[in-house]
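**Student:** Sharing a structure below in structure tokens format, with a few things to ask.
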Amino acid sequence: MSGTYLGMPAFPAAAKEAVGNETLRANLRHATHTIRDKRAKAVAELDDWMLLREAGKRIKDHTLRHLDRYLVQLEESVTAAGGVVHWAADAAEANRIVAELVKATGESEVVKVKSMATQEIGLNEALEAEGISAYETDLAELIVQLGDDRPSHILVPAIHKNRGEIRDIFRDRMGAWGRAAPEGLSDTPGELAEAARLHLREKFLRAKVGVSGANFMVAETGTLVVFESEGNGRMCLTLPETLISVVGIEKVVPSWRDLEVFLQTLPRSSTAERMNPYTTMWTGTHDTDGPSTFHLVLLDNGRTATLADEVGRQALRCIRCSACLNVCPVYERAGGHAYGSVYPGPIGAILSPQLRGTGSEIDASLPYASSLCGACYEVCPVAIDIPEVLVHLRERVADQGGKGHRLEKAAMKAAGWVFDHPRVLAAGEKAASRTRRLHPSRLPGAGAWTNTRDLPKLPPEPFRDWWKKNRAQDRGKGARPAGSGTQGRDAHGPGVGGPNSDDRKDSGT
Amino acid sequence: MRAALFVTCVNDAVYPSTGIATVRLLERLGVEVDFPEAQSCCGQPQFNTGYRRETEPLVRRTARAFAGYDYVVTPSGSCAAMVRQHYPAFGDAAATAVAARTYELTEFLVDVVGVTDVGAYFPHTVTYHPSCHGLRMLGLGERPRRLLEAVRGLELRELPGADECCGFGGTFAVKNSDVSAAMGQDKVRNAVSTGAGVLCGADNSCLMHLGGIVSREDAPLRPVHLAEILASTEEEPWS
Amino acid sequence: MNTGSGSRERILARIRTAVADAPDAPEVVRDYLDTHTPEDRVVELLAENLADYRAIVHRAGTEELPGLIGRLLAERGARTVLVPPLLPPSWLSATPAEITRVEDDVDATARELDAVDSVVTGCALAVAETGTLVLDAAPDQGRRRITLVPDHHICVVRTADQVVGSVPQAMPRLDPTRPLTWISGPSATSDIELDRVEGVHGPRTLEVILLAE
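Have a look at this one:
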């Protein structure tokens, strides 16, 4: 993936900053909660949602299992329809191919449809180095580009900015990139959208080269599909003479009919609409309608490595809807930048460490950037079990050792040994209970817990001691499933004064 | 009917009152309760942190400890989920067998014992936080709420954002302590906003995290495990 | 201009190695619904869903259609209207003479298109459940760009045979070798605070005429 994020601090450090930023917290909270409720409503309209979800999952799994066959078929179909197919093993190769294609047209600027794949490979920066200006035309991408910022959300890269901040960026920066923002621009979304329309119109009208990604590619027909809202996609896909689409190899589906599943699940999961305003489907080139030259660049860049992992490969089912980001309590508080990748949120936490490997500090920390609450899995329209993959990747990170993990492994082993030896455990519990009044609620060194939370006070005795005193002696030492115990009475007698109320007083909760 | 109590390591060491309440509640409903003393930790902390190999002995131990019981009952959705969802993947026949017989407390009450009114009395205002693993991995659904609604004297207050994670998440609470605490603080704020005096949950690890915030912030709330509310009667009230 | 870098073979080889030991994927089961909408509700639902996403919906019989189109163009204040190659001639028969008809010229630049006020087209079909019009660049719709650049689009849907209930019902009726544009309401964005605002680059006003023949 792009070098933009090299040297990112690990997730916890990056998240700490975001947690302390009140404006950011408010922006993210507002936006994610708005879309959360709407998504739930849009999904509830379809009573076969779970069947669509399962079908989508299986279509993707089947495709991935036979990916070689479908890519070759896609190549044949696209070629037969007048397109040219290129294969890029990594980001550098993809960037090189695109730069050469643009140069061959004699142009020095391109208009771009929002595309995760081109973000991932850092195409804009690579083109800039070759003297080619790439103009982002999606509203949120425009905000990020003008603000010299980084995207923080898959669907809405500028989600971390509120309307006031967007107004300031437009007012201050648009002039340097082309048509300046209108005088007296307000922060109403309508006026901001109008400013973007005016600013980009001249770019669309003169554009000779368009660059896009694609949401889906159909192997049997060679059709590419782009879902969008604003019409900037249609502009880039139909007005230029040359169209270059950079698409991850996992975006292929076998048949035309497969689209009927994703046309129902993607819009509802992503913008919470029954259907997004515009979807463009094209197959190669179409005579006088649209670009006369079409190039498809198929991108690997870590996908085949991901495919090789039997648990992790399910991440390749992702259709980039971003529903998992919008429901994620960690994303809501940490913000997208903390994930150090163009793929933030829960899907990013399983995708980035697989596409890039777990060598860097940020990538090794991403599998832990989750409380494993499972909200992401619940909303995923292709049923990616994100918690399962996170745990699996934690295993990989723990196995490779490195910072902190050797010590942690020793601790886990020791704890495992104690728990596997209940006598030792019981003795430890007893000792802890006996000294409980000495336990401070803030421990030095345990700051990660005690900076914000008190530790629970320990009870006078562990449960197993109570059981021994109050139940076990009634039925002989140790319970046996085949034995017939009697209904015991508490040695301490019921009610007030019993161990229950004692415990409660001492446990301090 | 007899059942083995899987008390969980956290309840054993830190919250025995929850274990005691579970025993009393089940006995009151005519269930004969055993406590296999060979039990310890289900291995979830190790497993979820990426130490699968270190988890294996604990899985085997837990499986042996509960072998032969028709019902294994635990007052923790999270530990129940560990056993039910993950044990079968360890390729140990005993572990797979115990997975199929393990019930979270509210599941056991509603589905197996077949009660929603357990004859409890708890004259307090309560708001309920459904912990994630019970909610999403076990699909406990309305069971805890139905049990709480049948408690005499109890006034249930709707918790805003109830299905959002409290931020505990096992080692997440220390590995990502800033985000964890921010999530917990929001949860406590929501609970306080209900005006309830008691924050009820069915997982003491979540309540330990929330209780730590409540205590630090001196919030007007008492975290109480659901089992203790259901065990409370007019004759033997919770205090 | 295939790059010939060997990446094609390398990627395909990596894929084959990656899935060599993978279990066979379960068969795709299409037990989801073919439609969620009873046949007799589709036109009503289409109208509701179009309006819900801020398309302006009109109804007309064959007789009223030319008058309605003429009135909508006049009310809009259009001075020019783009006409696809084979729009039924009667549709514009009642359009005021001062509104100039502009044929779609293959050599016309995007900038010239941008100077046109309105466009009138038919469609390939409409999907009720999603409030969607699908255009397939047939002669009564024209090239994709003519329904994109002008700011005002009037689209006529024949209710007798062009409305389907659902997406699965639409797919077999569409020809993937044609360029397809699915339109659900006017141009919009959710990019500011994840809230939907209508009107960015595509036509900001979409008027749909449900034509009952």
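Residue numbers (this note's numbering), protein chains in the order written: chain R, 926 to 1434; chain P, 1286 to 1524; chain F, 2 to 214.
The C-beta atom is built at its ideal place from N, Cα and C for all residues, glycine as well.
1. M1251 of chain P: buried (16+ other C-beta within 10 angstroms of its C-beta) or exposed?
2. Relative to the alpha-carbon of V1036 of chain R, which residue among R:P1269, R:V997, R:H1124 has its alpha-carbon at the smallest distance?
3. Which residues does DSSP pair with A1013 of chain R in a beta bridge?
4. Between the beta-carbon of G1455 of chain P and the beta-carbon of M1468 of chain P, is there less than 7 Å?
5. Please report how far the alpha carbon of R1428 of chain P lies from the alpha carbon of L1394 of chain P, in whole angstroms.
6. Please compile the residues from chain R whose C-beta is within a distance smaller than 8 Å of the C-beta of V82 of chain F.
7. Please identify the residue among P:E1434, P:R1442, P:C1364 whose C-alpha is closest to the C-alpha of N1333 of chain P.
8. Would T948 of chain R be called buried (16 or more neighbouring beta carbons within 10 Å of its own) or exposed?
9. Below 8 Å on the Cβ atoms is my contact criterion, and I expect V1304 of chain R with V1252 of chain R to pass it. Report the Cβ-Cβ distance as a whole number of Å.
10. Quick check: L83 of chain F and V135 of chain F, are their CB atoms within less than 7 Å of each other?
11. Could you tell me whether the region 1139-1147 of chain R touches the region 995-1003 of chain R, where touching means 3 or more Cβ pairs closer than 8 Å?
12. For chain F, check one thing: does any of its Cβ atoms lie closer than 7 Å to the Cβ of V1081 of chain R?
13. For M2 of chain F, which residues of its own chain have a beta-carbon under 6 Å away from its beta-carbon, when the five flanking residues on both sides are left out?
14. Any residues in the region 1286-1300 of chain R with a beta carbon nearer than 9 Å to a beta carbon of chain P? Which ones, in chain order?
15. I'd like to know if G1326 of chain R contacts chain F, where contact means its C-beta is closer than 7 Å to some C-beta of that chain.
16. Let me know the secondary structure DSSP gives E208 of chain F once reduced to three states.
17. Exposed or buried, what is D1183 of chain R when buried is set at 16 or more other beta-carbons lying within 10 Å of its beta-carbon?
18. Are the CB atoms of G1270 of chain R and H1085 of chain R nearer to each other than 7 Å?
19. Take L1511 of chain P and list the residues in its own chain whose beta-carbon comes closer than 8 Å to its own, dropping the five residues that flank it on each side.
20. With the cut-off set at 7 Å, would you say K963 of chain R and V1307 of chain R are in Cβ contact?
21. By Cβ distance, which residues of its chain are closer than 7 Å to A1139 of chain R, with the 5 residues on each side in sequence left out?
22. Assuming the contact rule is C-beta atoms closer than 8 Å, L1130 of chain R and R80 of chain F should be a hit. Round their C-beta distance to whole Å, please.
23. Taking Cβ-Cβ distances below 9 Å as the criterion, which residues of the region 987-1003 of chain R are in contact with chain F?
24. I need the straight-line Cα distance from G1115 of chain R to T190 of chain F, nearest angstrom please.
25. How would you call A1019 of chain R, buried or exposed, if buried means at least 16 neighbouring beta carbons within 10 angstroms?
26. Flag this pair as yes or no: are the beta carbons of E1339 of chain P and K1338 of chain R separated by less than 7 Å?
27. Shorter than 6 Å, the distance from the beta carbon of E1443 of chain P to the closest heavy atom of the ligand HEM, or not?
28. Please determine if the region 1330-1349 of chain R and the region 1229-1244 of chain R are in contact, where contact requires at least 3 C-beta pairs separated by less than 8 Å.
29. Could you compute how far the alpha carbon of T206 of chain F sits from the alpha carbon of H153 of chain F?
30. Count the other CB atoms within 10 Å of the CB of V30 of chain F; is the residue buried (16 or more) or exposed (fewer)?
31. Name the residue from F:L212, F:A48, F:R55 whose alpha carbon lies nearest to the alpha carbon of P1202 of chain R.
32. Kindly say whether A19 of chain F, judged by its beta-carbon, lies nearer than 7 Å to any beta-carbon of chain R.
33. Let's see if you can read the secondary structure: which residues bound the alpha helix (DSSP H) around K941 of chain R?
34. So, does the CB of R1098 of chain R fall closer than 7 Å to a CB anywhere in chain F?
35. Report the CB separation of I193 of chain F from R1088 of chain R in whole angstroms; it is logged as a contact under 8 Å.
36. Establish whether the CB of V1299 of chain P and some CB of chain R are separated by less than 7 Å.
**Tutor:** Quick look at the numbers:
1. No answer is possible for residue 1251 of chain P: it lies beyond the span of chain P, which begins at 1286 and ends at 1524.
2. In terms of Cα proximity to V1036 of chain R, the closest of R:P1269, R:V997, R:H1124 is R:H1124.
3. R:L1224
4. no
5. 9 Å
6. What V82 of chain F touches in chain R: nothing, since even the nearest Cβ is about 20 Å away.
7. P:C1364
8. exposed
9. Between V1252 of chain R and V1304 of chain R the Cβ distance is about 5 Å, and since that is below 8 Å, they are a contact.
10. No; because the gap between Cβ atoms is not below 7 Å, this pair is not in contact.
11. yes
12. yes
13. Only weak support exists for where M2 of chain F lies, its pLDDT of 45 falling under 50; the coordinates are left without a value.
14. Those residues of the region 1286-1300 of chain R that come within reach of chain P (Cβ to Cβ, closer than 9 Å) are S1290, P1292, Y1293, A1294, S1295, S1296, L1297, C1298, G1299, A1300.
15. Output row for G1326 of chain R: interface = no.
16. strand
17. buried
18. no
19. P1360, L1390, T1391, Y1413, P1429, L1432, L1433, C1485, G1486, A1487.
20. no
21. L1149, V1150, V1151, S1170, V1172, K1176
22. Not really, about 20 Å apart at Cβ, beyond 8 Å.
23. H987, T988, L989, R990, H991, L992, D993, L996, V997, E1000
24. The alpha-carbon separation between G1115 of chain R and T190 of chain F amounts to approximately 10 Å.
25. buried
26. Yes. Within cutoff.
27. The ligand content of the structure shown is nil, which means the ligand HEM is not present either.
28. no
29. 5 Å
30. exposed
31. F:R55
32. yes
33. 936-944
34. no
35. With 8 Å as the limit, I193 of chain F and R1088 of chain R qualify as a contact, their Cβ atoms being about 6 Å apart.
36. yes
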